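Remember, this note's numbering sits 31 above the position in the sequence shown when you count from 1.
Have a look at the structure below before the remarks.
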Amino acid sequence: MAAIARQLYLLAHNSVAFVLSPVVTIPPMEPQICKIYLAFTNSVVISIISTIFCVAVGSMAAYALARIQYRPKFGNIMIFVLLIVGVILATTYAGVPWWMSSAVALALFFFLARALGRHFKMSLGNGDILFWMISQRILPPIVVVVPLYVMFQAVRLLDTHLALILLYAVANLPIVVWLMHDFFANLPIELEESAQLDGATRFGIFWEIVMPLTRPGLAATTLLILVLNWNEYLFAVFLSTVKVQTMPIMVAAKNTGEKGVLWWEMCAVTVVMIIPVIIMAVLLTRFISKGVLLGAVKG
């Protein structure tokens, strides 16, 4: 127990020192403490940035689906999917730079959609778009691990913070859109119409009126996405090594040592891992309870 307490003390001391002053001299740490400190820092950076990006983009998409009626042509969607497949094949097998293939595919999409879009009759609605987005979570993540590994290796993003940040954000984006859509749909549209009559822009209405009213739901959604990103294990274990190792991998590593299960070290790492989530949950409890009621009451 004394060793565990000492490890926790050193980790907390160095974390506070790093936050307060980037130029502070950090005392030498033991190799095991260095690994825990690196994994904790990686988890904090990856989880927070991916959560902010995911919630910001997902909230704007959810608001658009709640207030604007989209009628995308099914043919245009199929053209876009085929071009995406072409970009992946060109980047992976033909060695074409990803930025070049993406630019060509984007130009082709606008040209083909403009030329052929009027000939397509079948179209989709907002409900179809919402169902398609949430359906991306139906398949287990293990199905896409190998293609993602090949893709990130082709674009030289393997074993980087950027790869995990983008992947975490995209993987949880459907959840944000699905949850925030209900919160936005329950708001009275008369408030937004009055603001439009006063000359407010669409972005101004979203930022100054809609977002403050849905703050409880936003807090609940943010905490959920943060927990999902913080506990993500599968993508991290396949796409990272010691350089960007996260806390879930560090905990699992204590079960695969040559000396058997290192229960004392596993307990110490687990405590370090759950403390930030508990603090966030305590700080956002008031907003979370309001967010649950906001999505359950109509009228």
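Glycine included, every Cβ here is placed at the ideal spot set by N, Cα and C.
Please read these numbers as outputs of a predicted model, since none were measured by experiment.
Discussion item. Determine, for residue 226, whether the minimum Cβ-Cβ distance to residues of chain C falls below 8 Å.
Written reply: No chain C appears in this structure, which consists of one protein chain only.
Worksheet item: By a C-beta neighbour count over all protein chains shown, 10 Å radius and 16 as the cutoff for buried, is residue 199 buried or exposed?
Response: With 16 or more Cβ atoms within 10 Å of its Cβ, residue 199 is classed as buried.
Worksheet item: By DSSP, does residue 53 sit in helix, in strand, or in coil?
Response: Low per-residue confidence applies at residue 53: pLDDT is 43, beneath 50, and the placement is therefore not dependable enough to give any value.
Item to complete: For the alpha helix (DSSP H) holding residue 304, just list the boundary residues, first then last.
Response: That run of the alpha helix (DSSP H) goes 294-314.
Worksheet entry | Member of 279, 294, 285, 257 whose CA lies at the smallest distance from the CA of residue 310 | Considering only alpha carbons, the answer is 257.
Practice prompt. Taking residue 250 and residue 204 to be in contact with their CB atoms under 8 Å, please state how far apart those CB atoms are, rounded to whole angstroms.
Written response: That pair is no contact at about 18 Å.
Discussion item. Closest to residue 85 by C-alpha separation, out of 101, 201, 121, 282, would be which residue?
Written reply: Closest option to residue 85, Cα to Cα, is 201.
Item to complete: Have a look at residue 89 and residue 112 and give me their C-alpha separation to the nearest angstrom.
Response: C-alpha separation (whole angstroms): 21 Å.
Worksheet item: In whole angstroms, what is the alpha-carbon distance linking residue 64 and residue 242?
Response: Residue 64 and residue 242: Cα-Cα distance of roughly 41 Å.
Fill in: Local Cβ density within 10 Å of residue 212, reported as buried at 16 or more and exposed below that
Residue 212 comes out buried.
Worksheet item: Nearest CA to the CA of residue 167: which residue from 206, 224, 220?
Response: Residue 167 has its Cα closest to that of 206, out of 206, 224, 220.
Item to complete: Please confirm whether residue 81 and residue 262 have their CB atoms less than 8 Å apart.
Response: Contact annotation: residue 81 and residue 262 have beta-carbon atoms that are not nearer than 8 Å.
Worksheet entry | Close beta carbons around residue 283, own chain, < 8 Å, minus the five adjacent residues each side | In the same chain as residue 283, and ignoring 5 residues on each side of it, the C-beta atoms closer than 8 Å to its own belong to 264, 268, in chain order.
Fill in: Whole-angstrom distance between residue 218 and residue 172, CA atom to CA atom
One C-alpha to the other measures close to 34 Å.
Worksheet item: How many angstroms separate the CA atom of residue 56 from the CA atom of residue 133?
Response: Annotation note: pLDDT 44 at residue 56 (below 50); position unreliable, coordinate value reported separately. One C-alpha to the other measures close to 45 Å.
Practice prompt. Give the straight-line distance between the Cα atoms of residue 131 and residue 179, rounded to the nearest whole angstrom.
Written response: For residue 131 and residue 179, the distance between alpha carbons rounds to 19 Å.
Practice prompt. Entirely within the region 169-244 and at least 4 residues each: give me those alpha helix (DSSP H) ranges in chain order.
Written response: The qualifying runs are 173-185, 192-216, 220-228, 233-236.
Discussion item. Taking 6 Å as the limit between beta carbons, can you name the residues of its chain near residue 285, skipping five residues before and five after?
Written reply: Excluding residues up to 5 positions away in sequence, 293, 296, 297 lie with their Cβ nearer than 6 Å to the Cβ of residue 285 in the same chain.
Worksheet item: Is the region 96-112 touching the region 147-154 in the sense that three or more CB pairs, one from each, lie closer than 8 Å?
Response: The region 147-154 vs the region 96-112: in contact.
Worksheet item: What's the C-alpha gap between residue 303 and residue 98?
Response: Residue 303 and residue 98: Cα-Cα distance of roughly 42 Å.
Worksheet entry | Residues of its chain near residue 52, where Cβ-Cβ distance is below 8 Å and the 5 sequence neighbours each way are ignored | The predicted model places residue 52 with a pLDDT of 44, which falls under 50 and marks its position as unreliable, so this point remains unresolved.
Discussion item. Quick check on residue 285: does DSSP put it in helix, strand or coil?
Written reply: Annotated three-state conformation of residue 285 is coil, per DSSP.
Worksheet item: For residue 122, which option in 279, 186, 220 has the closest C-alpha, if you only look at C-alpha atoms?
Response: When each option's Cα is compared against that of residue 122, the closest is 186.
Worksheet item: Is residue 159 closer than 8 Å to residue 271 when the C-beta atoms are compared?
Response: No, the Cβ-Cβ distance between residue 271 and residue 159 is not below 8 Å.
Worksheet item: Looking at the structure shown, is residue 132 part of a helix, part of a strand, or coil, going by DSSP?
Response: Looking at residue 132 - three-state DSSP - the assignment turns out to be helix.
Worksheet item: Smallest Cα separation from residue 195: which of 101, 77, 169?
Response: Ranked by how close their Cα comes to the Cα of residue 195, the residues 101, 77, 169 have 77 in first place.
Discussion item. Report the CB separation of residue 277 from residue 73 in whole angstroms; it is logged as a contact under 8 Å.
Written reply: About 5 Å separates the two Cβ atoms, so the contact holds.
Item to complete: Tell me whether the beta-carbon of residue 209 lies closer than 8 Å to the beta-carbon of residue 165.
Response: It is a contact, given that the beta carbons lie within the stated cut-off.
Worksheet item: What's the gap between the Cα of residue 273 and the Cα of residue 79?
Response: Computed Cα separation, rounded: 20 Å.
Worksheet item: Taking just the CA atoms, how far does residue 119 sit from residue 182?
Response: So the alpha carbons of these two residues sit roughly 7 Å apart.
Discussion item. Can you look up residue 149 in the DSSP assignment and give me helix, strand or coil?
Written reply: Residue 149: helix per DSSP, three-state reduction.
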